[in-house]
Structure formats: C-alpha cells, structure tokens
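Numbering (the numbering used here), first residue to last: -8 to 603. Positions of the beta carbon are idealized from the N, C-alpha and C atoms, including for glycine. From a predicted model like this one, the values you see are computed outputs, not experimental measurements. For reference, the structure is listed below as structure tokens.
Shown next as structure tokens:
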C-alpha cells in the first residue's frame, strides 16, 4: 500500500496534519510480523508529547527574552534620567510655554584705544526653596549677617509663608557665595548668572548708564541696558552676530579720568552744587570726554529721586539733560552771522550806549556798566556787551536769527547716542518778537544743554562746517553742511581769542597753549518763575589751540561762588574759566599738542651772558 511508503519522521513533523496514534498501515504490518500494535500507539503518543514540549519551550524562551529586553530598556531610561538629574542644577518648576531662550551674552564696550569700559562677568544668583529648608529661622538670621541690606524679620516671614520659591540675591560675589554655602541648608541654591561689570567704577558713568536684568530664570538672566548708551544701543550690544565685536566709543579713558579729576576739584573749590564738561574733536564731532558731577557707580546704580528737584540726583546728566540759559556764550553766534551776512566786520562800530530802551524793556550791562556810545564788534565780544550784541541782532532780524540758531542745532535734541539726549529738548520761545531777538542774542530766553553749545562752537572752530556730535569712534570726518564761510569763522575765532587776551576770560591763559573762548553768566531761574539774585549758571565755551582749533571744551558750573577774595564772586570769569584752563593744561599734552614756548630775544640772551 502507498501509506507504507510515507516515512514515520514526516508523519511526526508535519505541522499541517496531526499524526494518528494507530496508523492502519503499520498496524497491519505489525500484525503480519507478530508485533504488538499497542507499542506503535505508545511510540506515536511519546513523539506527539515531545513536539508539544518543544513548542512550549520555544514559546517560554521568547517570552522571557521579551521581558528581559523590556526590563533592560526601562532600567536604562530610569538610570539615564537619574544621572541627568544628579548632574544638573535644581530648577524652579514652571509651566511649559513657547518662547525664545534667554540670551545673556552682551558685547563689551571699549574706549577709542581698546580699553574696557563695560564687560561681562560670570557670577551666581541666590534663591531659596523654603519647603526644602531645615531651619528657616536660622537661615534668615545668618543671611542677614552676610547681606546687611536684608532684614531678618522680613526674610524669615517670606521663608515661612508657604511659598515654594524665593529670589534672595540676583548676583553674588565669590566671598558671599562661599559664606552662604557654609550655612549648609539644602533649601539655599545657586543659579549661574552673567552680569554686567564696569571695571572703572564711576568713570564715564553717565555715558554708559548701566544695565540690569530683564527676563530671568534660574539658569540665566537677560542683561538689558537701563540708561545712557547701554540702553540706546541695547539692540546692537545684544545682537548675537556682533557679540564678539566690542563697541568702540570715541571716549579716551585717560582724558575722561583727567577731566573728571579737575572738574571735581574745581567744583569743590568754587562751592558749586554740580558741574559738567564736554571735550569734542571739532573735525569729527567725536566726544573725547563727557563728565557730569555728581556722578554714581553703574555697578550699583542708585534709585531715582521720588521727591525734590530731579537735578539734585546723581543720575541727572548735566552735560546732556541740563537745559540752561547759557548767557553770553551765545553772543558770538550773533556776531558770526552778522559777519557772514556782510552787515559788520570786526572793526565796525556799533551802538553800545547803555541802558538800551526797547519799548517797556531796558537792556543793561553787567553791573550797570556803559561801554558806549560806540564799540567795535571785536570789543563787543571781548567786553561782553549786551547792548552792542542786541543792536547787531536787530540788524540780522528775528527770522534769520531763528534760521541760523536752528541750523546750529539749538531747536532740536542733540543726536548723541544716549536715551537722555532724545528727551532733552531745548526750551524755545513760542513767539519771536524783537525783544526775543535781543535777549536770545546774549543767551537769555532760550535754554540749551552744554552738548548743544559744544556742537555749535565746533562749527565755528572747524571753519564753519556743522558737525554732529557722537560717542562712537569714527574712522573719518563725516560730510557736513557749511553754515559759515571760512573767513567769518576765522574772524570769530580771533575775536574769541581776544576775550582771553584782554577780555572777561583772562584767567584762561595757559602757558604754551593759546585758548579762545567766551564766558557766560546766567541768572538761575526759579521753578516758580523769575530768577534768583544770588544763584547763577556759569559757562566757559572754549577752543584750542586758537591758531588752528582742533578741540572744543565746554565747562559749566551750577551755582558756583568764588570765596577766595574779600567778597564772593559769581561770574564765569572767576569760576568756570580757571577750571577750564586747568583742564586744558592737563589734557592738551594727552592730546598730543606740544606747548609753544616763547624764546627770549637774542639781545636778552647776550645781556645775560655779559652779566655772568
């Protein structure tokens, strides 16, 4: 039969058909040979059980392998997460929200020679998780010892009122961090922080302004500018594409320190409540030094005043925000414009008979002097004649006077790179009748800042081309609009030199350096209206060297009084002028200007030799 031709192994291992326990072919063959048919059944039953056991074993091994892999993967994930948590700083719990990451990096600021004025410092912030604290009362007590500005009772209350997170200090010194670490409480934690550092302290504080923290997290904080140049150029300083490139200013750190030292000493000697100085390159408009006193440390910027006069705050920038009537320093503008229009020349004689009556107004000279009846234009500037300047201004006319003063920048805020400058608009009369034309010509009725005055004097000093002041280093002089001819500008400089030679600024004579300039003494206005009789704003606007001016220096003193003589003296010639002269004497060599030493006559040398 064909069934006898099928091998037994094929019957056992065939998965599609179950092997019968008593196959007919083998039963018949066994009976023929005398074998026991029951042994065939037992053998097939044993083979069937072997197959079933093999399948069960393979199934069990597969399940164990799967469970083993699953447990291995789970423990690997848990172990990796535990390692990550152990290696990271604790973080304040917060809800997930889309947004940009905090960018703390900020570009350095340097002076024109690459010396650092502002940079970044890696430090730490201190925060607390009160729920993890062991002894909040002890922590509050010891933190109050480390940080005297923290009150123990207030700190204890905040650590025990149930909150889960509390900022304690936004920045720490290494010494403070070590002392906090020694407290040893697990609820006190440190977060890495990048802060702004001003390594020169108070130097150039009003220029830089300061920085603070914006968006804050445990791991970083956003550093943003709060005032001055830091705020005005905040986008540039925070730009990641320019973060590695320092921002170079026009300031010279050595000059800044020198001017600050001299101005501070002069302010104290003249008993002034405040002072300002601006030193500018007349060709490029670069500010080489800008000082306002009193000043502050931008590393620990004080809070603004909440009462009283804002000008009394050390945050007040007198060089930019101080909008004053600048007095007789304005007289040169009227004379220069009149010469440009061909109305007068330095030798022209003008009416200087005082007092001058104009309607119901009387224009007087200082101390009721009378320089008339006639005075040359040069002497109008040298003697600082109000009446002579008034007659020249009337020759010009109000409309042309306004246009010229506007072209000099006196009608708009200065474009200098400081947020304070943009909010310091000059005070201009709403109407411009003849009496305003008269008073504006000698600096009354129109208020501007020392920075405005520096830019206007630079226009005269450089030959008549308008310049735009800047705190940024410039590679080359920018193109400017010509406002005066070279002739008119040069004649104006010669007149300003006469003010020092034989006029009101005789104390500005510095051996080796020729200075040209104009004094200005203006009564200080009251907040309630009118003027003080014993309080003045004194200004000396100067340029040097006088034969070829390269620099303009403006020095302004707030409420000065010279008490060195038998009677107090409040005019600029006795207060602002000596301070400016000392600035030139100290700063000129630093600017590379060689002193001009007058050699003795040949016959004088011979006479000395004969005497010896």
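Taking the DSSP output, what are the residues bridged to residue 207? Residue 207 pairs with 212.
DSSP on residue 566, reduced to helix/strand/coil? Residue 566 falls in the coil class under three-state DSSP.
Assuming residue 183 and residue 123 form a contact by the criterion Cβ under 8 Å, report the distance between their Cβ atoms to the nearest whole angstrom. Residue 183 to residue 123, Cβ: 20 Å. No contact.
Is it buried or exposed for residue 529, if we count other Cβ within 10 angstroms and need 16 for buried? Under a 10 Å Cβ-count criterion, residue 529 is classified as buried, with 16 or more other Cβ atoms of the shown protein chains found around its own Cβ.
So for residue 664, helix, strand or coil by DSSP? Since the first residue shown for the chain is -8 and the last is 603, residue 664 is missing from the structure and cannot be characterised.
Per DSSP, what kind of secondary structure is residue 435 in: helix, strand or coil? In this structure, residue 435 counts as coil in the three-state DSSP scheme.
With DSSP run on the structure shown, which of helix, strand or coil describes residue 43? Correct three-state label for residue 43: helix.
DSSP-derived helix/strand/coil call for residue 454: Coil.
Identify which residue in 475, 268, 206 has its Cα closest to the Cα of residue 330. For the set 475, 268, 206, the Cα lying nearest the Cα of residue 330 is the one of 475.
Residues near residue 445 by beta carbon distance below 7 Å, same chain, minus five either side: 269, 271, 460, 543, 545.
Residues near residue 579 in its chain [Cβ-Cβ closer than 6 Å; skip 5 each side]: Once the five neighbours on either side are set aside, the close Cβ partners of residue 579 are 504.
Looking only at its own chain, which residues have a Cβ that is under 6 Å from the Cβ of residue 449, when we skip the five neighbours before and after it? Excluding sequence neighbours, residue 449 sits near 271, 273, 458, 543.
Proximal residues to residue 630 (C-beta, below 8 Å), its chain only, five neighbours per side dropped: Limits of the chain in this structure are -8 at one end and 603 at the other, which puts residue 630 out of reach.
Where residue 142 and residue 135 are concerned, what is the direct C-alpha to C-alpha distance, given to the nearest angstrom? Spanning the two alpha carbons is a distance of roughly 6 Å.
Once you ignore the five residues that flank residue 523 on each side, which residues in its own chain have a CB closer than 7 Å to its CB? Closer than 7 Å at the Cβ level, and outside the excluded window around residue 523, lie 514, 515, 517.
At least 3 beta-carbon pairs within less than 8 Å: the region 242 to 261 vs the region 210 to 230: As far as the Cβ criterion goes, the region 242 to 261 does not touch the region 210 to 230, which means the pair count is below three.
Could you tell me the alpha carbon to alpha carbon distance between residue 323 and residue 541, rounded to whole angstroms? Distance between the alpha carbons of residue 323 and residue 541: 18 Å.
Can the beta-carbon of residue 286 be found less than 9 Å from the beta-carbon of residue 305? Yes, they are a contact pair.
Thinking just about the alpha-carbon of each residue, which of 194, 206, 321, 423 is nearest to the one in residue 245? Out of 194, 206, 321, 423, 194 has the C-alpha closest to the C-alpha of residue 245.
How many angstroms separate the CA atom of residue 37 from the CA atom of residue 26? So the two alpha carbons sit approximately 18 Å from each other.
Extent of the continuous beta strand (DSSP E) to which residue 502 belongs: Neither: residue 502 is in no beta strand (DSSP E) and is coded neither H nor E.
Whole angstroms is fine: what's the gap from residue 276's alpha carbon to residue 453's? Using only the alpha carbons, I get a separation of about 10 Å.
Where residue 12 and residue 31 are concerned, what is the direct C-alpha to C-alpha distance, given to the nearest angstrom? Each residue's Cα considered, the two are about 7 Å apart.
Given residue 588, which residues of its chain have a CB within under 7 Å of its CB, disregarding the five upstream and five downstream residues? Here the set comprises 503.
Rounded C-beta distance between residue 483 and residue 451? I'm assuming under 8 Å. That belief holds up - the Cβ atoms of residue 483 and residue 451 are roughly 5 Å apart, short of 8 Å.
Same chain, Cβ closer than 8 Å to residue 677, five either side skipped, listed in chain order: Outside the shown range of the chain (-8 to 603) lies residue 677, about which nothing can therefore be said.
Backbone secondary structure at residue 274 - three-state DSSP: Correct three-state label for residue 274: coil.
Rounded to whole angstroms, what is the Cα-Cα separation between residue 281 and residue 228? The alpha-carbon of residue 281 is positioned some 21 Å away from that of residue 228.
Under the assumption that residue 495 contacts residue 375 (Cβ atoms under 8 Å), give the Cβ distance between them as a whole number of angstroms. Correct: roughly 5 Å between the Cβ atoms.
Whose CA, out of 153, 138, 156, 128, lies closest to the CA of residue 144? Minimum Cα distance to residue 144 is reached at 128.
Do the CB positions of residue 550 and residue 222 come within less than 9 Å of each other? No, these two residues do not count as a Cβ contact at 9 Å.
Near residue 584, what residues of its chain come up, given a Cβ to Cβ distance below 6 Å and the 5 sequence neighbours on each side ignored? Cβ within range, chain order: n/a, list empty.
Buried or exposed (CB count within 10 angstroms, at least 16 for buried), residue 473: Here residue 473 is exposed. Its C-beta has fewer than 16 other C-beta atoms within 10 Å.
Can you give me the start and stop residues for the alpha helix (DSSP H) that residue 377 sits inside? In the DSSP annotation of this structure, the continuous segment of the alpha helix (DSSP H) that includes residue 377 starts and ends at 377 to 387.
Cβ atoms of residue 103 and residue 238: under 9 Å apart, would you say? Contact flag unset, no.
By how many angstroms is the C-alpha of residue 437 removed from the C-alpha of residue 570? Looking at the two C-alpha atoms, the distance is approximately 25 Å.
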